[in-house]
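**Q** My questions will all concern the structure given below.
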Amino acid sequence: MIKIDVDMTKCQHYGQCVFEAPQVFKLNNDDKLEYTATADESERANVEAAIDVCPMQAISIVE
Ligand code: SF4
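Its first residue numbered 1, the sequence shown is counted upward by one per residue in the UniProt record's numbering.
Encoded structure:
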C-alpha cells in the first residue's frame, strides 16, 4: 500500500496526473482534482509518473 499526498495549495488542477494514474487521480465535475489517499503497490509506477509530470510538483508519495 502506498500513501499519496497532493499539496492542494500548489495544485492548479491541470490534470496531467490523471493521464498517468487514472485509478488514483481524477478531475471532478467542477474540474477540481480528486485523488485517493492510498493505493495498491501496483500503482506505484503510475503515481511516480504522475509526480514526474506534475508541473507544480504538488504530488508526493508518503513513505
Ligand atoms: S498534475 Fe499536479 S497540478 Fe495538475 S492536477 Fe495533478 S496534482 Fe494538480
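Glycine included, every Cβ here is placed at the ideal spot set by N, Cα and C.
(1) Where does residue 45 land, buried or exposed, given buried means 16+ other C-beta within 10 angstroms?
(2) Extract the residue ranges of the beta strand (DSSP E) inside the stretch 9-60, only unbroken runs of 3 or more that lie entirely within it.
(3) Check each residue's C-beta against every heavy atom of ligand 1 and list, in chain order, those closer than 7 Å.
(4) Spatial neighbours of residue 20 within its chain, please: CB distance less than 7 Å, with the 5 preceding and 5 following residues excluded, ordered by chain position.
(5) According to DSSP, is residue 7 helix, strand or coil?
**A** The relevant details are as follows:
(1) exposed
(2) 25-27 and 33-35
(3) 6, 10, 11, 12, 13, 14, 15, 16, 17, 18, 25, 33, 50, 53, 54, 55, 56, 58 and 59
(4) 46, 49, 50 and 53
(5) coil
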